[in-house]
Each structure stands twice: as structure tokens, then as C-alpha cells.
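Note that this note's numbering has the sequence shown beginning at 169, numbered continuously upward.
For glycine and all other residues, C-beta sits at the position ideal for the given N, C-alpha and C.
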Amino acid sequence: MILNVSLMTVYCLDQDATRDFYVRHLGFEPRVDARMGELRWVTLAHPNQPELELTLMTPGPPLSPKAADFIRGQLEAGQMGGFGLRVDDCRKTHAELAAAGVEFLQEPAERPYGVEAVMRDNTGNWLVLVEKKDFTPDDLT
Numbered sequence: 169m170i171l172n173v174s175l176m177t178v179y180c181l182d183q184d185a186t187r188d189f190y191v192r193h194l195g196f197e198p199r200v201d202a203r204m205g206e207l208r209w210v211t212l213a214h215p216n217q218p219e220l221e222l223t224l225m226t227p228g229p230p231l232s233p234k235a236a237d238f239i240r241g242q243l244e245a246g247q248m249g250g251f252g253l254r255v256d257d258c259r260k261t262h263a264e265l266a267a268a269g270v271e272f273l274q275e276p277a278e279r280p281y282g283v284e285a286v287m288r289d290n291t292g293n294w295l296v297l298v299e300k301k302d303f304t305p306d307d308l309t
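1. Distance, Cα to Cα, G241 vs T291?
2. Ignore the nearest five residues each way along the sequence and tell me which others in M176's own chain have a CB closer than 6 Å to its CB.
3. Verify whether the separation of the beta carbon atoms of V270 and E284 is less than 8 Å.
4. Is K234 helix, strand or coil when you go by DSSP?
5. Nearest-angstrom Cα distance between A202 and V210?
6. With a Cβ-Cβ cutoff of 8 Å, do P280 and F303 count as a contact?
7. Which residues in the same chain have their Cβ closer than 7 Å to the Cβ of D257, if we skip the five residues on either side of it in sequence?
8. Assuming E264 is part of the alpha helix (DSSP H), what are its boundary residues?
9. Just to confirm my understanding: we take H262, look at its own chain, exclude 5 residues before and 5 after, and list those with CB closer than 6 Å. What are they?
10. Taking a contact to mean a Cβ-Cβ separation below 8 Å, would you say F251 touches L220 in this structure?
11. If you run the structure through DSSP and keep just helix, strand and coil, what is A185?
12. Have a look at the DSSP bridge pairing and note the partners of V298.
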């Protein structure tokens with residue numbers, strides 16, 4: 169039986185710089201930094217959700233060269249999708265991160281499901297900050 173999601177891959181161009189970004193700006197904690205042959209295994213977790221680890225991977229094996237090149241290009245163009253981060257106050261979190269130099273693609277805006285802002289991590293992944301509010305599917309139409 170599946171219990172939960174425990175590991176998620178985040179592609180990056182520089183594992184050290186991306187780890188430092190997530191730790192310094194987003195409050196994640198380093199977990200694993202080990203070599204497995206030529207592969208470097210780097211993981212992080214947020215203290216409020218320790219059962220979910222992010223694996224920071226550079227585009228390369230086991231991806232095909234073509235797939236790795238595509239992902240690298242998407243990261244370099246700032247077009248790689250990421251994930252959502254739940255926050256208690258989107259406007260406040262946005263102001264703090266923007267003051268720290270984090271790049272935002274979208275300022276905080278009201279949505280049917282709450283307040284959201286869209287940012288980029290240091291390597292081009294889009295991350296969405298969401299201050300959630302109760303909604304129904306009908307609110308989305």
C-alpha cells in the first residue's frame with residue numbers, strides 16, 4: 169500500500185547553489201549529500217514536512233543525452249515547472265523573499281483558491297507561493 173509521496177526530483181544546474189538557495193531563502197534543511205558512483209545524491213526537506221525530500225539532480229544519466237539537453241535548456245530559459253509552497257501570508261512572504269533578491273514572475277494576486285505569487289528558484293524552476301482559502305470547484309470557473 170502506498171503511504172505518501174516521499175521523494176520528488178528538482179532539476180538544477182548546480183546542486184550546491186540550489187541547495188543553498190532552498191536552505192537560505194525557503195527554510196529547507198539539508199538531508200543527504202553523498203556519492204553513488206559518479207552520481208551525487210543531494211536531498212533536502214522542509215522541517216514542517218520532513219517525510220517529503222527534494223532530490224536535487226543535474227540533468228544527466230539516467231536521462232538520455234537528448235532529454236538532459238532539453239531539461240538543461242528549459243532551466244537556462246527559466247521555463248521549468250516546479251511545485252507549490254503553502255504559506256500563511258503570501259504578501260508578507262513575497263515581500264521578505266523579494267527583499268532578499270528572489271526573482272518573482274508574478275506579484276501576489278487574489279485567486280479563487282487564495283492568494284498566489286510565482287517565483288523562480290536560482291536555477292529557473294517556477295515555484296508558486298499559495299495562501300490557501302476554502303473554495304469549491306465551481307469557484308474556479
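Reading from the atomic positions:
1. Taking the straight line joining both Cα atoms gives about 11 Å.
2. Only L222 meet the Cβ criterion.
3. Going by C-beta atoms, V270 is not nearer than 8 Å to E284.
4. Three-state DSSP puts K234 in a helix.
5. Looking at the two C-alpha atoms, the distance is approximately 7 Å.
6. Taking 8 Å as the cut-off, the Cβ atoms of P280 and F303 count as close.
7. Excluding residues within five positions, the ones whose Cβ falls inside 7 Å are E299.
8. C258 to A267 is the span of the alpha helix (DSSP H), which, as asked, contains E264.
9. Cβ neighbours of H262 within its own chain (closer than 6 Å, five residues either side excluded): P276 and A285.
10. No; because the gap between Cβ atoms is not below 8 Å, this pair is not in contact.
11. Here A185 sits in helix by DSSP.
12. Answer by DSSP bridge pairing, in chain order: R254 and E284.
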